[in-house]
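Trainee: Under this note's numbering, read the sequence shown as residues 504 to 690, first letter to last. I'd like to ask some things about the structure below.
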Amino acid sequence: PRGTTSSDCRAAINRMFDVMSRAPLAPVSSTTDWKMGTMTTIEKPLLISVDDHVIEPPNLWVDKVPRSDRERVPHVVEEDGASIWLYEDVRIPIPGLFVQAGRDQSEIVPELMSYEKMRPGYFDPRERAKDMDLDGVIASLCFPTIPRYCGQQFLEAKDREMALTCLRIYNDWMIEDWAGGAPGRFI
504 PRGTTSSDCR
514 AAINRMFDVM
524 SRAPLAPVSS
534 TTDWKMGTMT
544 TIEKPLLISV
554 DDHVIEPPNL
564 WVDKVPRSDR
574 ERVPHVVEED
584 GASIWLYEDV
594 RIPIPGLFVQ
604 AGRDQSEIVP
614 ELMSYEKMRP
624 GYFDPRERAK
634 DMDLDGVIAS
644 LCFPTIPRYC
654 GQQFLEAKDR
664 EMALTCLRIY
674 NDWMIEDWAG
684 GAPGRFI
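And the structure:
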């Protein structure tokens, strides 16, 4: 932000590393591979992932506005077994290829996805942290899906006032609920 000094930035980075250092971390994981009567242990390093994506929970915006505005904010409808986001005159399906983590390769097919069929780790921070533990990921930088990568969905909206409301709801959710749901795990 305007007026921020390099020492402010250094202090913020130090706070982030302090929080991360106190977060419950997954241990270095190892697997045992038996070949020719010998045991080989393979260790997986702990990772920080800087290109992850979150699928916003279906109630994100509708739970934060008055009932009279629920059709004006991004909201989900179910159509033919798929969850479709609606916002203004835009329909946003969730492509099945976006949500393939944890699925067997034989199950990966191009289809539209529903919240019922996808792993909760896509939209629930506690479940995402469990998935991260399985993969040895200690921290993750998550980008939005429905607002698009930097909120273009709201930038391009016709109703600018409601778009700003939606953007604020998203930002609050990302900090309070997503990052707050698994402290120290999301950057």
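We put the CB at the ideal spot given by N, CA and C, even for glycine.
Take G654 as the anchor and find which of A642, R671, L644 has the nearest alpha-carbon.
Mentor: Reading the sequence shown from its first residue, position 151 is the one you call residue 654. The option with the nearest alpha carbon to G654 is R671.
Trainee: The beta strand (DSSP E) that contains E596, what's its start and end?
Mentor: As a working note, residue 596 is residue 93 in the sequence shown. Going by the sequence as given, residue 596 is Pro instead of Glu. P596 -> beta strand (DSSP E) spans 593-596.
Trainee: Are three or more beta carbon pairs between the stretch 607-615 and the stretch 632-639 nearer than 8 Å?
Mentor: Not touching, per the Cβ criterion.
Trainee: Rounding to the nearest angstrom, what Cα-Cα distance links D662 and E591 in this structure?
Mentor: Here residue 662 refers to the residue found at position 159 of the sequence shown. Here residue 591 refers to the residue found at position 88 of the sequence shown. Computed Cα separation, rounded: 8 Å.
Trainee: Under the rule that 16 or more other beta-carbon atoms within 10 Å means buried, what is G599, buried or exposed?
Mentor: Stepping through the sequence shown from its first residue, residue 599 is reached at position 96. G599 comes out buried.
Trainee: Roughly how many angstroms separate the alpha carbons of C669 and A660, rounded to a whole number?
Mentor: For the purposes of this step, residue 669 is taken as the residue at position 166 of the sequence shown. For the purposes of this step, residue 660 is taken as the residue at position 157 of the sequence shown. Each residue's Cα considered, the two are about 10 Å apart.
Trainee: With the cut-off set at 8 Å, would you say P650 and Y673 are in Cβ contact?
Mentor: The sequence position of residue 650 within the sequence shown is 147, counting from 1. The sequence position of residue 673 within the sequence shown is 170, counting from 1. Cβ atoms of P650 and Y673: closer than 8 Å.
Trainee: According to the Cβ coordinates, are I587 and V580 closer than 8 Å?
Mentor: Locating residue 587 in the sequence shown gives position 84, counting from the first residue. Locating residue 580 in the sequence shown gives position 77, counting from the first residue. Yes, they are a contact pair.
Trainee: If you run the structure through DSSP and keep just helix, strand and coil, what is E659?
Mentor: The count along the sequence shown starts at 1 and reaches residue 659 at position 156. Residue state, collapsed to three classes: coil.
Trainee: Sorted by chain position, which residues of the same chain lie with C-beta nearer than 7 Å to P718's C-beta, five sequence neighbours on each side aside?
Mentor: The shown model of the chain, from 504 to 690, leaves out residue 718, and the question about it has no answer.
Trainee: Is the separation between the beta-carbon of S643 and that of F689 shorter than 8 Å?
Mentor: Start at 1 with the first residue of the sequence shown, and residue 643 comes out as number 140. Start at 1 with the first residue of the sequence shown, and residue 689 comes out as number 186. Contact flag set, yes.
Trainee: Would you please state the rounded distance, in angstroms, between the beta carbons of L549 and G639? I believe it to be under 8 Å.
Mentor: Translated into positions along the sequence shown, residue 549 becomes position 46. Translated into positions along the sequence shown, residue 639 becomes position 136. Right, their Cβ atoms sit about 5 Å apart.
Trainee: Spatial neighbours of P596 within its chain, please: C-beta separation below 7 Å, excluding the five flanking residues on both sides.
Mentor: Looking up residue 596 in the sequence shown gives position 93. These residues qualify, in order along the chain: A585, I587, L615.
Trainee: Please classify I678 as buried or exposed, where buried requires at least 16 other C-beta atoms within 10 Å of its C-beta.
Mentor: Taking the first residue of the sequence shown as position 1, residue 678 is located at position 175. When all chains shown are included, I678 counts as exposed.
Trainee: Roughly how many whole angstroms lie between the Cα atoms of H556 and T648?
Mentor: Position 53 of the sequence shown, counted from the start, is the residue given in the question as residue 556. Position 145 of the sequence shown, counted from the start, is the residue given in the question as residue 648. Spanning the two alpha carbons is a distance of roughly 7 Å.
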